[in-house]
Amino acid sequence: HRRQRRLIQPAFRKACFPGYADAMAAEAYAATDSWRSGIAVDLIPEILAVTSKVFNAALFSSALPGEVCTQLVEDNLTIVGGFARRMLMPPPLSRLPTRSNRSYEKALSRLRHNLSVIVAKRRAESADQGDLLSALLTACGTDSDTDGLADSELVDELVTFFLAGTETTTAALAWSLHLLSQHPDIEQRLYAEVDAVLGGTPATYADIPKLELTCRIITETLRLYPPAWFSTRTVTTNASLGGHTVPAGTSIAFSPFVIHHRSDLYDHPETFDPDRWSSSSSAATRKAHIPFGGGARKCIGDTFAMIESSLVLATIAARWRLEPVPGRRVRPHLGAVLRPRELVMRPVLRRMNPE
């Protein structure tokens, strides 16, 4: 883990983000351009389409064939659903030849194959295209480097990035839009911010420091509804936890969702309050915020995910107001990712095309 993280970390340097961000904003705008004002839609597949295209643009830069993109998204959904079931079942059950297990294995095999083809093609081109894959290839060395990542290892990392970079961001954005529709005062403040900062032009990386409320909305949404709501860690050495001795090899389960709703850590923990993340918020409050985990195994793409979520939310808010549809209750879906089961809303155009 340490070796792989050391090799991959340069691809997530601050200097790399402007190029990723521009691709994100452009794809977010293009993907939402097909929405029709006043026509109610289930935003879950809509936002998943947006985040998938945004992530593909940042990861691969050059446009992939449409059928490849579609297959990547479909396989991603199958794998995420299967992974959720496997988290809760004894390992031997995952090897039974059931329909769901076969579907999972087939999707994972196909995803790995498609990513392997992309990696091999990019290695042969030997050109830096300014995307995440180019940065990873540069950071990880050639396939023959003894200290670099083999192509098979790089594909493993890409599978992880692809799964983590679409479904989780979709969940964060879906919950953000739902919460904003329930808090019109905060929603109006968001519109005022994006109108003032963007002025009708597409969002860029340079806008992020000025999109303060937008970023706080994402942060607060991740507190209330952390996509990775449940996780485990294996103790590698004997340890003490809460006055109890925990032997090496013990698996410990914990829930960021539960931690984020503790009243001893947060004032009014059930309240949606983006302003709790203003510059005056305490260090203790921030340390208790773990939607990306913490420590040596904290998600390496946390900054990438925050930039992606903030830019997509700003891009949507700059053009669209999302109205809830009366009578449609929003229920959580507990899978590998915590997201709304469905989110039927009505997009209403606020602003025409950017200048």
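At position 87 of the sequence shown the residue is numbered 129 (the numbering used here), and the sequence of numbers has no breaks.
Where a beta carbon is used, it is the ideal one built from N, C-alpha and C, also for glycine.
C-beta neighbour in chain D for S103, strict 8 Å: Within the model displayed, chain D is absent; a lone protein chain is all it includes.
Where the alpha helix (DSSP H) containing P316 begins and where it ends: Locating residue 316 in the sequence shown gives position 274, where the first residue counts as 1. That residue, P316, is in no alpha helix (DSSP H); it is neither H nor E in DSSP.
Cβ contact check for the region 322 to 340 and the region 238 to 245: 3 or more pairs under 8 Å: no
CB contact flag (F314, H375, <8 Å): Sequence index remark: in the sequence shown, residue 314 carries index 272 (1-based). Sequence index remark: in the sequence shown, residue 375 carries index 333 (1-based). Result no, Cβ atoms of F314 and H375 do not sit closer than 8 Å.
H286 classed as buried or exposed, judged by whether at least 16 other C-beta atoms fall within 10 angstroms: On the sequence shown, residue 286 is found 244 positions in, with the first residue counted as 1. Flag for H286 reads exposed.
Opposing strand residues paired with S293 [DSSP bridges]: Position 251 of the sequence shown, counting from 1, holds the residue named residue 293. As a beta-bridge residue in DSSP terms, S293 pairs with T276.
DSSP three-state assignment for L391, whether helix, strand or coil: Translated into the one-based positions of the sequence shown, residue 391 becomes position 349. Strand at L391.
Presumed contact (8 Å Cβ cut-off) between I89 and L215, rounded CB distance: On the sequence shown, residue 89 is found 47 positions in, with the first residue counted as 1. On the sequence shown, residue 215 is found 173 positions in, with the first residue counted as 1. So it is a contact: roughly 5 Å between Cβ atoms.
CB-CB length for R231 against W319, believed under 8 Å: As a working note, residue 231 is residue 189 in the sequence shown. As a working note, residue 319 is residue 277 in the sequence shown. That pair is no contact at about 14 Å.
First through last residue of the alpha helix (DSSP H) which encompasses H155: Here residue 155 refers to the residue found at position 113 of the sequence shown. Note, H155: alpha helix (DSSP H), 141 to 167.
Counterpart residues of T287 in DSSP-defined beta bridges: To locate residue 287, count along the sequence shown from 1; it is residue 245. Beta-bridge pairing links T287 to S282.
Under 8 Å between C-beta atoms of L114 and L153: The residue given as residue 114 occupies position 72 in the sequence shown. The residue given as residue 153 occupies position 111 in the sequence shown. Cβ distance < 8 Å, so L114 and L153 count as in contact.
Sequence ranges, alpha helix (DSSP H) only - wholly within the region 179 to 230, length at least 4: 193 to 224
The region 207 to 214 touching the region 375 to 388, judged by at least three CB pairs closer than 8 Å: yes
Inter-residue Cα distance where the pair is P87 and K329: As a position in the sequence shown, residue 87 is number 45, starting the count at 1. As a position in the sequence shown, residue 329 is number 287, starting the count at 1. Using only the alpha carbons, I get a separation of about 33 Å.
R381, DSSP secondary structure in three states: By 1-based counting over the sequence shown, the position of residue 381 is 339. R381 falls in the strand class under three-state DSSP.
Candidates C111, L355, N156: closest to S218 by CA position: Counting from one through the sequence shown, the residue named residue 218 turns up at place 176. Per the Cα distances, L355.
Extent of the continuous beta strand (DSSP E) run through L85: If you number the sequence shown from 1, residue 85 lands on position 43. Looking at the DSSP string, L85 is not in any beta strand (DSSP E); the run it does join, the alpha helix (DSSP H), is 85 to 102.
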